[in-house]
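Since the structure comes first, as structure tokens, the remarks are kept for the end.
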Amino acid sequence: MTTSLAWIDYLIMLIYLAFVLGIGVALKRFMKTSEDFFLSGRSIPAWVAGLAFISANLGAQEVIGMAASGAKYGIATSHFYWVGAIPAMVFVGLFMMPFYYGSRAHSVPEYLRLRFDEKTRGLNAITFAVMTVFSSGISMYAMAKLIMLLHLFDAPVLAMGLSRDWIFHAAIILSAVIVLGYVYLGGLTSAIYNEVLQFFLIVAGFLPLVLLGLKNVGGWSGLKATLDGMGKTQFTHTWVGMGQASTNPLGVEWFGLVMGLGFVLSFGYWCTDFLVVQRAMAADSMTSARRTPLIAALPKMFFPFLVILPGLLAIAVPTPAAPVAEASKPGATEAPALQGLIPAKVDYYTGELELDKDGKPVPDYDMAIPRMLLHYFPTGILGLGLTALLASFMSGMAGNVTAFNTVWTYDIYKAYVHPGASDNHYLWMGRFATLFGTVISIGAAYLASRFNNIMDALQLVFGFVNAPLFATFLLGMFWKRASGHGAFWGLLSGTGAAAIFHGLNLPAGSAAGIKGGWITNLFGAGPLYAFPTDMAQNFWMAIAAWVTCFVVTIAVSLFTQPRPDKELVGLVYALTDKPQEGHLTWYQRPLALGLVVLAMTAALNFLFY
Numbered sequence: 001m002t003t004s005l006a007w008i009d010y011l012i013m014l015i016y017l018a019f020v021l022g023i024g025v026a027l028k029r030f031m032k033t034s035e036d037f038f039l040s041g042r043s044i045p046a047w048v049a050g051l052a053f054i055s056a057n058l059g060a061q062e063v064i065g066m067a068a069s070g071a072k073y074g075i076a077t078s079h080f081y082w083v084g085a086i087p088a089m090v091f092v093g094l095f096m097m098p099f100y101y102g103s104r105a106h107s108v109p110e111y112l113r114l115r116f117d118e119k120t121r122g123l124n125a126i127t128f129a130v131m132t133v134f135s136s137g138i139s140m141y142a143m144a145k146l147i148m149l150l151h152l153f154d155a156p157v158l159a160m161g162l163s164r165d166w167i168f169h170a171a172i173i174l175s176a177v178i179v180l181g182y183v184y185l186g187g188l189t190s191a192i193y194n195e196v197l198q199f200f201l202i203v204a205g206f207l208p209l210v211l212l213g214l215k216n217v218g219g220w221s222g223l224k225a226t227l228d229g230m231g232k233t234q235f236t237h238t239w240v241g242m243g244q245a246s247t248n249p250l251g252v253e254w255f256g257l258v259m260g261l262g263f264v265l266s267f268g269y270w271c272t273d274f275l276v277v278q279r280a281m282a283a284d285s286m287t288s289a290r291r292t293p294l295i296a297a298l299p300k301m302f303f304p305f306l307v308i309l310p311g312l313l314a315i316a317v318p319t320p321a322a323p324v325a326e327a328s329k330p331g332a333t334e335a336p337a338l339q340g341l342i343p344a345k346v347d348y349y350t351g352e353l354e355l356d357k358d359g360k361p362v363p364d365y366d367m368a369i370p371r372m373l374l375h376y377f378p379t380g381i382l383g384l385g386l387t388a389l390l391a392s393f394m395s396g397m398a399g400n401v402t403a404f405n406t407v408w409t410y411d412i413y414k415a416y417v418h419p420g421a422s423d424n425h426y427l428w429m430g431r432f433a434t435l436f437g438t439v440i441s442i443g444a445a446y447l448a449s450r451f452n453n454i455m456d457a458l459q460l461v462f463g464f465v466n467a468p469l470f471a472t473f474l475l476g477m478f479w480k481r482a483s484g485h486g487a488f489w490g491l492l493s494g495t496g497a498a499a500i501f502h503g504l505n506l507p508a509g510s511a512a513g514i515k516g517g518w519i520t521n522l523f524g525a526g527p528l529y530a531f532p533t534d535m536a537q538n539f540w541m542a543i544a545a546w547v548t549c550f551v552v553t554i555a556v557s558l559f560t561q562p563r564p565d566k567e568l569v570g571l572v573y574a575l576t577d578k579p580q581e582g583h584l585t586w587y588q589r590p591l592a593l594g595l596v597v598l599a600m601t602a603a604l605n606f607l608f609y
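Under the UniProt record's numbering, the residue at position 391 of the sequence shown is numbered 391, and the numbers go up by one with no gaps.
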């Protein structure tokens, strides 16, 4: 069954969009200073900051990308949560948040300036700004795919006499305009309260989808039996087969998983990505800031059941006899379903099916969630599900745009272009940066269209930026000897190592280009190594970047002058006053909450072994 949209579905989506923009308008009058706009005046309660912390990470990358990864890699995708998120969230709450909040820094690059020097801050600000617009572009691309699937722009585009390519362009522009509106008006406060709303919408929209899908296939046991019958016996296990890369869907052995994802990418993202740290820094006290990621970890550990299971269900549902509607272009309006509800990927520019190096159609795993919504939800409920999907897209875009405008204004514009200006001037520049960042994100959306799983694209970006940055932070916070020169050259060499690794290697079956192999291709040669999957290459690239940055930072620091201890008070662990929380009851203390979270996560790993 495939449901068509009725007027009630469109009405639900329009009401939500109007409400979101209304929040931005209502909060605009409270944005009187730059700190109000960028850090919500540091007045957000712990529970609101915690939900915003998790919702900022619950954008299109997670909702669409995790479902796509579930269809492509199976339940092993839950490693992104139980290995690649929860431990790092506990670490940032217990150990790193005192540095961030205590330093009163507006951004992660500003912390690097306080700990190291100006050039290290500048380098990180530039790389981080590039990363945020790429991440925002991935969300725009995902939203555009949904709009094209629903043919929302077909009639207007054709009525204006434009080519059908403009349907894709219009879809991206619309998504950009909506997010630009409420972030421009209300700043971080608008984004945070909308993210809390979006959190509940996403849960309400996708929980019924999972329950309907499980009922259809006979529950968890029925899903396992169906996947076993398809030859995908590993798809319902997390650790079985992790001894060798060739015996599990992720194509990576346990060391590459634990080191690449569980340590480098995970800690690199949660501990250094200002998109998530910014939410905690908006909390109203140090204790609230420390509890923010710990509170967020509680729902986070159960998200695999909400966003990964739909991907597994999408390949377990019997393949429809009729083609799956995919693109609004003559000759490519219908794409064949390759497996379950997963269609073949269509090139939006040529209108042809995308083929791999062997001439086989490329599965469009990103369509797992949208196809599941159309397959299971009736009229009215479909509108709620699509609204939840829109919420996830806008959450991801808004989170990255607010992070971009803060870093651009404080760490690039104020530091190097126009220092010493009035607070109102920087408030104005923050709003301009919101517009500027959104426009650049549109270009990034077109690059994201070259991947059939946006999570593969996202982890590639993180490997370039977050992986080396985490090595710098780790040494900077726990080794007083780390110097500014060491941090700068370590960051630069780590990012360079990621680029070289990417250019020399390539996922099996992929053409040289944005996915890798571009260096060897220049010399007419094949890749040095063909990784089994995109994700395996991403994990090992992150390891290479982290190790390079770590080693170079230590080597250069040993031969350069470190900063004196008196300048490092509050910036390194040994010289930071430990938070005094003796007045709190045991269950309110961050350490107790962190231990509970880790114990629950260990139990989930064991249960789905």
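Where a beta carbon is used, it is the ideal one built from N, C-alpha and C, also for glycine.
Please read these numbers as outputs of a predicted model, since none were measured by experiment.
Among all the DSSP beta bridges, which residues are the ones paired with A530? Walking along the sequence shown from the start, residue 530 turns up at place 530. For A530, which the question treats as bridged, DSSP gives the partners L506.
At which residue ranges does the stretch 331-414 contain complete beta strand (DSSP E) runs of 3 or more residues, listed in the order of the chain? 337-339
Same chain, Cβ closer than 8 Å to N216, five either side skipped, listed in chain order: Position 216 of the sequence shown, counted from the first residue, corresponds to residue 216. Correct list, in chain order: L313, V317 and Y376.
Please classify G570: does DSSP put it in a helix, a strand, or coil? Here residue 570 refers to the residue found at position 570 when the sequence shown is read from its first residue. DSSP places G570 in coil when its eight states are reduced to three.
Going by the beta-carbon positions, is the gap between G257 and V83 smaller than 8 Å? Position 257 of the sequence shown, counting from 1, holds the residue named residue 257. Position 83 of the sequence shown, counting from 1, holds the residue named residue 83. This sequence places Leu at residue 257; Gly is not what is there. The answer is yes: Cβ separation under 8 Å.
Taking the alpha carbon of F550 as the reference point, which residue from P468, D577, A497 and L558 has its own alpha carbon closest? Start at 1 with the first residue of the sequence shown, and residue 550 comes out as number 550. The shortest C-alpha separation from F550 is found at P468.
With H, G and I counted as helix, E and B as strand and the rest as coil, what does DSSP make of G513? Position 513 of the sequence shown, counted from the start, is the residue given in the question as residue 513. Three-state DSSP puts G513 in a strand.
DSSP three-state label for Y141, please. Residue mapping note: residue 141 aligns to position 141 of the sequence shown, counting from 1. Of the three classes helix, strand and coil, the one that applies to Y141 here is helix, per DSSP.
Given a threshold of 16 other Cβ atoms within 10 Å of its Cβ, counted over all protein chains shown, does V177 qualify as buried or as exposed? Counting from 1 along the sequence shown, the entry for residue 177 is found at position 177. Label assigned to V177: exposed.
I'd like to know if the stretch 138-147 and the stretch 438-453 are in contact, where contact means that at least 3 CB-CB pairs between them fall below 8 Å. Segments in contact, yes.
Starting from V461, trace the alpha helix (DSSP H) both ways and give me its first and last residue. Working through the sequence shown from its first residue, we reach residue 461 at position 461. Unbroken alpha helix (DSSP H) run through V461: I454 to F478.
Once the 5 residues before and after W586 are set aside, which same chain residues still bring their CB inside 8 Å of it? Residue mapping note: residue 586 aligns to position 586 of the sequence shown, counting from 1. A592, listed in sequence order.
To which residues of the same chain is K480 closer than 8 Å at the C-beta, ignoring the five residues directly before and after it? Counted from its first residue, the sequence shown places residue 480 at position 480. Same-chain partners within the cutoff: P562, D565, L568, V572, A574 and L575.
Decide if V556 is buried, meaning its Cβ has at least 16 other Cβ atoms within 10 Å, or exposed. Working through the sequence shown from its first residue, we reach residue 556 at position 556. So V556 counts as buried.
When DSSP labels each residue in this structure, what does W489 get in the three-state scheme? Start at 1 with the first residue of the sequence shown, and residue 489 comes out as number 489. Here W489 sits in helix by DSSP.
Assign G137 to one of two classes, buried (16 or more other C-beta atoms within 10 Å of its C-beta) or exposed (fewer than that). Taking the first residue of the sequence shown as position 1, residue 137 is located at position 137. G137 should be labelled buried.
Look at the Cβ atom of T238, then the Cβ atom of F608, and state whether they are nearer than 8 Å. On the sequence shown, residue 238 is found 238 positions in, with the first residue counted as 1. On the sequence shown, residue 608 is found 608 positions in, with the first residue counted as 1. In this structure, F608 lies closer than 8 Å to T238 by Cβ.
Touching by the beta-carbon criterion (3+ pairs, under 8 Å), the stretch 63-81 and the stretch 241-253: Yes, the stretch 63-81 touches the stretch 241-253.
Starting from the Cα of L382, find the closest Cα among G494, L17, Q61 and F206 and give me that residue. Residue numbering aside, residue 382 sits at position 382 when the sequence shown is read from its first letter. Distances from the CA of L382 to each of G494, L17, Q61 and F206 were compared; the closest alpha carbon is that of F206.
At the level of alpha carbons, what is the spacing between M477 and L114? Locating residue 477 in the sequence shown gives position 477, where the first residue counts as 1. Locating residue 114 in the sequence shown gives position 114, where the first residue counts as 1. If I take the Cα positions, the gap works out to 12 Å.
Nearest CA to the CA of S493: which residue from A508, A544 and A511? As a position in the sequence shown, residue 493 is number 493, starting the count at 1. It is A544.
Taking the alpha carbon of A68 as the reference point, which residue from P590, I454, P527 and T601 has its own alpha carbon closest? Your numbering for residue 68 matches position 68 in the sequence shown. Minimum Cα distance to A68 is reached at I454.
8 Å Cβ cutoff met for M301 and L584: By one-based count along the sequence shown, residue 301 stands at place 301. By one-based count along the sequence shown, residue 584 stands at place 584. In this structure, L584 does not lie closer than 8 Å to M301 by Cβ.
Curious, which full-length beta strand (DSSP E) runs of at least 3 residues does the stretch 208-248 contain? none
Pairwise C-alpha distance: G517 and A525: Here residue 525 is taken as the residue at index 525 of the sequence shown, counted from 1. Here residue 517 is taken as the residue at index 517 of the sequence shown, counted from 1. Approximately 9 Å, taken between the alpha carbons.
In angstroms, rounded to a whole number, what distance separates the CA positions of A289 and W270? Your numbering for residue 289 matches position 289 in the sequence shown. Your numbering for residue 270 matches position 270 in the sequence shown. The alpha-carbon atoms of A289 and W270 are separated by roughly 14 Å.
Measure the Cβ-Cβ separation of T387 and M13 and say whether it is below 8 Å. Numbered from its first residue, the sequence shown carries residue 387 at position 387. Numbered from its first residue, the sequence shown carries residue 13 at position 13. By the CB criterion at 8 Å, T387 and M13 fall inside the cutoff.
Does I440 come out as helix, strand or coil in the three-state DSSP assignment? The residue you call residue 440 lines up with position 440 of the sequence shown. I440 falls in the helix class under three-state DSSP.
For Q537, does the count of other Cβ atoms within 10 angstroms reach 16, so buried, or fall short, so exposed? The count along the sequence shown starts at 1 and reaches residue 537 at position 537. Buried, because 16 or more other Cβ atoms sit within 10 Å of the Cβ of Q537.
Which residue's Cα is closest to the Cα of K202: M367, I295, L390 and G311? In the sequence shown, counting from the first residue as 1, residue 202 sits at position 202. Before going on, a small fix: residue 202 reads as Ile here, not Lys. Ranking M367, I295, L390 and G311 by Cα distance to I202 puts L390 first.
Taking the alpha carbon of K224 as the point to measure from, which residue in V417, L309 and G380 has its own alpha carbon closest? As a first step, residue 224 must be located in the sequence shown, where it is residue number 224. Relative to K224, the option among V417, L309 and G380 whose CA is nearest is L309.
Give the DSSP-derived three-state secondary structure of R42 in the structure shown. For the purposes of this step, residue 42 is taken as residue 42 along the sequence shown, with counting starting at 1. Interpretation of R42 is limited by its pLDDT of 49, a score under 50 that renders its predicted location unreliable; the figure taken from the coordinates is listed afterwards. DSSP places R42 in helix when its eight states are reduced to three.
Cβ-based burial, W540 [other Cβ within 10 Å; buried from 16]: The residue you call residue 540 lines up with position 540 of the sequence shown. By the neighbour-count rule (16 or more Cβ atoms within 10 Å), W540 is buried.
Hey, how far is the Cα of D9 from the Cα of H169? Locating residue 9 in the sequence shown gives position 9, counting from the first residue. Locating residue 169 in the sequence shown gives position 169, counting from the first residue. When only Cα atoms are considered, D9 and H169 end up about 23 Å apart.
Alpha carbons only, please: which of F267, F95 and A599 is nearest the one belonging to N466? Sequence index remark: in the sequence shown, residue 466 carries index 466 (1-based). Nearest in C-alpha terms to N466, of all of F267, F95 and A599, is F267.
Put D165 into one of helix, strand or coil per three-state DSSP. In the sequence shown, the residue the question calls residue 165 occupies position 165. Helix at D165.
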